[in-house]
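Counting from 515, one number per residue, gives the positions in the sequence shown under our numbering.
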Amino acid sequence: EEADLAAYQIGEALADTDSSPFEQLMQDPTTGGVYYVKDGKKAPIIDPSILEMNYSDIKIKEVTTKTLDDLVKIAPVKLENGSLIMKDSNPDVYVVYEGKRRLIPDGATFEKLGYSWANIYTVPTKVMNFHATEVPISTN
Numbered sequence: 515e516e517a518d519l520a521a522y523q524i525g526e527a528l529a530d531t532d533s534s535p536f537e538q539l540m541q542d543p544t545t546g547g548v549y550y551v552k553d554g555k556k557a558p559i560i561d562p563s564i565l566e567m568n569y570s571d572i573k574i575k576e577v578t579t580k581t582l583d584d585l586v587k588i589a590p591v592k593l594e595n596g597s598l599i600m601k602d603s604n605p606d607v608y609v610v611y612e613g614k615r616r617l618i619p620d621g622a623t624f625e626k627l628g629y630s631w632a633n634i635y636t637v638p639t640k641v642m643n644f645h646a647t648e649v650p651i652s653t654n
C-alpha cells in the first residue's frame, strides 16, 4: 500500500547500461592493488589498515586488469568520519572528520566525548599523513 512505501526515499534511476550501484572491493591480480568501486568509479586504497577500518565486512573480488581499466579513477579512499587513529611511535590520538585528522588533546577530552579506548587503531605514518591536520578538538 502507499502508506507502506511512504518511508522509502526514491533514489536515482538506473539504466541498463549503468554500473552496479553497490559498493565493491576489487583487486588487480597484476599489481595486487585494491580499489573501492561504485557507480563506475574506482578509488585506490593506499594501505590495508584503511581496508580493515572502512570495509572489514566486504569481501575483495579479484578481477581482470581490463575490468579495472574500464572504470574512472578517482581520489584514494580516506578513513571514515569518526575513525580514531594513532601512530606506534606517538601517543597522540586523532579523530578523522571530513578526510582530516583532529587531535584529541587529552584523555579527559577523549572520555568526555564518549570515545572508547578500545576503538583506537594504530596506523602507519603514510595513512596518518594522508589525512591533513585540522584544528584540535575542544570541548569548551
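All residues carry an ideal CB built from backbone N, CA and C; glycine is no exception. This structure is a prediction, so every number in the text was calculated from the model and none was measured.
Requested in this report: Give me whichever residues DSSP pairs with M600 in a beta bridge.
Outcome: Taking the sequence shown and counting its residues from 1, one reaches residue 600 at position 86. M600 is bridged to T636.
Query - Candidates Y608, T639 and K587: closest to K552 by CA position - result: Numbered from 1 along the sequence shown, position 38 holds the residue referred to as residue 552. Minimum Cα distance to K552 is reached at K587.
Query raised in the report: Pick from V610, S570, T647 and A646: whose alpha carbon is nearest that of Y629?
Result: The residue labelled residue 629 in the question sits at position 115 within the sequence shown. Among V610, S570, T647 and A646, the Cα nearest to that of Y629 is on V610.
Query raised in the report: Among the residues of its own chain, which have a CB less than 8 Å from the CB of A646, if the five just before and after it don't count?
Result: In the sequence shown, the residue the question calls residue 646 occupies position 132. Counting only Cβ-Cβ distances below 8 Å, and skipping sequence neighbours, we find G613, K614 and R615.
Report task. Output the distance between the C-alpha atoms of D620 and K556, rounded to the nearest integer angstrom. Result -> Here residue 620 is taken as the residue at index 106 of the sequence shown, counted from 1. Here residue 556 is taken as the residue at index 42 of the sequence shown, counted from 1. Going by the C-alpha atoms only, they are around 37 Å apart.
Query raised in the report: With distances taken between CB atoms, is the gap from E594 to I572 smaller than 9 Å?
Result: Position 80 of the sequence shown, counted from the start, is the residue given in the question as residue 594. Position 58 of the sequence shown, counted from the start, is the residue given in the question as residue 572. No, these two residues do not count as a Cβ contact at 9 Å.
Requested in this report: Please report the residue range of the beta strand (DSSP E) in which L539 lies.
Outcome: Translated into the one-based positions of the sequence shown, residue 539 becomes position 25. Counted as a single uninterrupted DSSP element, the beta strand (DSSP E) harbouring L539 occupies residues Q538 to Q541.
Report task. For my contact list, T636 and K592 are in at a C-beta cut-off of 8 Å; report their separation, rounded to the angstrom. Result -> As a first step, residue 636 must be located in the sequence shown, where it is residue number 122. As a first step, residue 592 must be located in the sequence shown, where it is residue number 78. Actually they do not touch by this definition, with Cβ atoms about 17 Å apart.
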